[in-house]
Amino acid sequence: MAANPAAVRNQAPANRARARPVPPGKTKPPPTLWRRLYDRYGTAAGMMLALLAIVVGYLGRDSRRLFAEQGLGYALGIVGSLLILTLLLYPLRKRIKLLKVLGPVKNWFRVHMMLGVIGPIAILYHSNFALGSINSTAALLSMLLVAGSGLVGRFLYAKVHKGLYGRKTNLKELLAGVKLSTAETGGAAQFVPDLMKMVAEYDRQVLKPPTGILDSMTLPLRLMVKTRTGYRRIVARVAEQLDEQAALSPVVRQHRDRLFALTKAFVKEHLKRVRRVAAFAAYDRLFSLWHKVHLPFFYLLIVTAIVHVIAVHVYSI
Ligand code: HEM
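Every number in this note's numbering is 108 more than the matching position in the sequence shown, counting from 1.
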């Protein structure tokens, strides 16, 4: 292919952010340092604290005089149950318009997740990290099942929403972001004849919707492998073709490294976006499945907790 010197010189860096004029008075104030620290490390710090409370509680279970039926142990049972009841304000706030007075849904979601961890920890201390009668064991295990399922849900939720508190991402929107265009290569595509064909072939292979649950569960991992091998294969071919072009044209030879860098950046970004779209389809499916499983776990908790309270107070078992 003949090299066009002007095209070679005018390469634009791939995926350069286009400067958008910001309307006056529309800029958001930058987040405070605390806000940034909270956003970045809040979840990890909270999880570490929760884990610490569980480990310390478990290791000290024999040296503590904590009894579920009296004193602090009993109080912790009540506190934990109340916290778990309070976290239900999130699904209620989400569904019932009248509860708008309680404030934004996203705040209640945050509260839901915090209480979903703190409440069960209070109950673990109430039980002193031991299994008791059948009814208390059933209530404890159901609670752990719901809380554990909540953690899985949180992971999946973040994968299908714009951030943890953003709106749900949609496939159409994501697909629009992966439309193949030679313009995104900064013009470098014209010196690598096979580039768009190879990338389109990768897209075709990867953008197949998952066929079942197992397929959805393994897809993110398989995508990681496919993206890495796909990237290596395409980039190796790009290098070959650029070398062929460089042998024919002194201009390409002069700009060979820059063209290679541009093309690599384009391939990397495009594959990353396509992988995100493909993984989204899998996570979306898993998340809707998770909803179907989480709710019965929750009903089980309600039933076992009611049975537990009645059994303990009426029959003392
Ligand atoms: C005993 C503890 C918990 C109970 C009783 C509980 C209960 C619930 C209920 C009833 C729902 C609504 C389900 C629906 O709308 O279909 C829900 C949703 C959810 N919970 Fe929990 N949960 C608990 C703990 C947790 C924890 C620890 C987390 C994560 C840290 C969590 C994360 C979530 C998420 C991500 C959703 C879905 C939100 C949505 O789709 O809007 N939950 N939970």
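Where is the CB? At the ideal position from N, CA and C, for every residue including glycine.
Item	Value
Going by the C-beta, is tyrosine 339 closer than 7 angstroms to any heavy atom of ligand 2?	Only ligand 1 can be found as ligands here, which leaves ligand 2 out of the picture.
Under 7 angstroms from any heavy atom of ligand 1, by CB: list those residues in chain order, please.	Ile192, Leu195, Leu196, Tyr198, Pro199, Lys202, Phe217, His220, Met221, Gly224, Val225, Gly227, Pro228, Met251, Val254, Ala255, Gly258, Leu259, Gly261, Arg262, Tyr265, His399, His402, Leu403, Phe406 and Leu409
Excluding the 5 residues flanking valine 307 on each side, which residues of the same chain have their C-beta closer than 7 angstroms to its C-beta?	Leu288, Ile342, Val375 and His378
Taking all protein chains shown into account, decide if tyrosine 407 is buried (16 or more other Cβ within 10 angstroms of its Cβ) or exposed.	exposed
Are alanine 413 and alanine 247 closer than 8 angstroms when you measure CB to CB?	yes
Below 8 angstroms between beta carbons: does that hold for glutamine 353 and valine 360?	yes
Can you name, in chain order, every residue of its own chain whose Cβ lies under 8 angstroms from the Cβ of asparagine 118, other than the five neighbours on each side?	Because asparagine 118 carries a pLDDT of 39, less than 50, the predicted location of this residue cannot be relied on, and no value is offered for it.
Could you compute how far the alpha carbon of valine 422 sits from the alpha carbon of leucine 329?	52 angstroms
Give the straight-line distance between the Cα atoms of arginine 172 and leucine 191, rounded to the nearest whole angstrom.	23 angstroms
May I have the straight-line CA-CA distance separating alanine 373 from alanine 297, to the nearest angstrom?	12 angstroms
Please report the Cβ distance between leucine 197 and leucine 206, rounded to the nearest whole angstrom; I am assuming they are in contact, meaning their Cβ atoms lie under 8 angstroms.	At roughly 13 angstroms, the Cβ-Cβ gap does not stay under 8 angstroms, so leucine 197 and leucine 206 are not in contact.
Starting from histidine 416 and walking both ways along the alpha helix (DSSP H), at which residues does that stretch end?	358–422
Please list the terminal residues of the continuous alpha helix (DSSP H) segment that includes glutamine 313.	303–314
At which residues does the alpha helix (DSSP H) containing lysine 205 begin and terminate?	Segment: none, lysine 205 is in no alpha helix (DSSP H) and carries neither H nor E.
Considering only the alpha carbon of each residue, which of Gly224, Ala176 and Gly320 lies closest to phenylalanine 237?	Ala176
Mind the definition here: the stretch 309–319 touches the stretch 379–396 only if three or more C-beta pairs lie below 8 angstroms; say whether that holds.	yes
Does the distance from the C-beta atom of valine 346 to that of threonine 371 stay below 8 angstroms?	yes
Can you tell me where the alpha helix (DSSP H) with arginine 73 in it begins and where it stops?	Since the first residue shown for the chain is 109 and the last is 425, residue 73 is missing from the structure and cannot be characterised.
From proline 301 to valine 213, what does the alpha carbon distance come to, in whole angstroms?	51 angstroms
What whole-angstrom Cβ distance do leucine 409 and methionine 251 have, given they're in contact under 8 angstroms?	6 angstroms
If I follow the unbroken alpha helix (DSSP H) through valine 175, where does it start and stop?	First, the amino acid is wrong: residue 175 is phenylalanine here, not valine. Here phenylalanine 175 belongs to no alpha helix (DSSP H), and DSSP marks it neither H nor E.
Between which two residues does the alpha helix (DSSP H) containing glycine 179 stretch?	179–195
Mind checking phenylalanine 217: buried by the 16 CB within 10 Å criterion, or exposed?	buried
Work out the CA separation of arginine 312 and valine 219 for me, nearest whole Å.	42 angstroms
May I have the straight-line CA-CA distance separating valine 411 from glycine 179, to the nearest angstrom?	25 angstroms
According to DSSP, is glycine 295 helix, strand or coil?	coil
Once DSSP output is grouped into helix, strand and coil, what is the label at phenylalanine 217?	helix
Do the CB positions of asparagine 243 and histidine 399 come within less than 8 angstroms of each other?	no
Take serine 241 and list the residues in its own chain whose beta-carbon comes closer than 6 angstroms to its own, dropping the five residues that flank it on each side.	Ile425
Give the DSSP-derived three-state secondary structure of valine 260 in the structure shown.	helix
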